[in-house]
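So in our numbering, spot 47 of the sequence shown is number 51, and the numbers just go up one at a time.
Here a beta-carbon is modelled for each residue, glycine too, at the ideal position from N, C-alpha and C.
Heads up: the structure comes next, in structure tokens.
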Amino acid sequence: MGFFANLFGKSSPPFDAQAEAVKLLDVLPPCSQNVVVASPRYSGNYRCEVSVPAHRLTVFVRRLGESTFGGSQESQVVRAAMPLWLERASLDGKTSYMPQDFFENINAYVLNFIKDGNAVIYCNDCGTVIRDLKEQTRNESRSGPQSEWTSSWRCPSGHLLYTEDHEVRFIYARREP
């Protein structure tokens, strides 16, 4: 349909991520002072909850959005809406869960928040806040251009907080002599 509309002079208006972000904010629940950035609610890789103060997360998310471009229209809307949602956070001392798309935007950085000291980790098994996270890498395997490993975190009591299998394959282009 888009092809024929362009062919006959009828085109749709250009996509405006900012306008779509404002529409999204109208339907989202408000953000609280703290935001859960990792949880079993978002991903089966987590068996803990990690929260970060909204004002600290705002700075990071704004920089991330400014340094990233392209992607699907949905990802562009998320990058535009997330900092706005966080900026509107109340100072109520409560904790919010973010939409799944927001989690997808920052999931790769959860360990950074922990290592920077900006996060609070709650072990669901112990029922306590964890101050000392034990990282582990196991099942490492390298074979030519392929690497595999499993990352995990444990609390001091040994409870599993996070686990994920990773695989990387490098594809090399042949060079002509």
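Helix, strand or coil at residue i [DSSP, three-state]
i	result
Ser79	helix
Leu32	coil
Thr72	coil
Pro44	coil
Arg173	strand
Gly162	coil
Gln104	helix
Met5	With a pLDDT of 47 at Met5, under the threshold of 50, the modelled position of that residue is not reliable, and the figure given next carries that caveat. Coil.
Arg178	coil
Pro87	helix
Ala112	helix
Cβ-based burial, residue i [other Cβ within 10 Å; buried from 16]
i	result
Phe8	With a pLDDT of 49 at Phe8, under the threshold of 50, the predicted position of this residue should be treated as unreliable, though the coordinate-derived value follows. By the neighbour-count rule (16 or more Cβ atoms within 10 Å), Phe8 is not buried but exposed.
Ile125	buried
Ala84	buried
Pro34	exposed
Ala177	exposed
Ile110	buried
Phe19	exposed
Cross-strand partners of residue i (DSSP beta bridge)
i	result
Ile134	Ile125
Cys52	Cys127
Gln150	Ser147, Arg173
Glu168	Ser155
Gln22	Paired residues: none, contrary to the question.
Thr99	Asn38
Glu139	Trp157
Pro57	Asn38
Same chain only: Cβ atoms within 7 angstroms of residue i, ignoring 5 sequence neighbours per side
i	result
Trp157	Leu137, Lys138, Glu139, Leu165, Tyr166
Val81	Ala21, Glu24, Ala25, Leu28
Close-in-space but distant-in-sequence residues of the same chain around residue i (CB under 6 angstroms, 5 per side omitted)
i	result
Met102	Val39
Ala42	Tyr50, Val54, Val114
Leu61	Val39, Leu90
Sequence-distant residues of its chain with Cβ nearer than 8 angstroms to residue i (five each side left out)
i	result
Arg142	Trp153, Thr154, Ser156
Is the stretch 83 to 103 close to the stretch 31 to 47, with three or more CB pairs under 8 angstroms? yes
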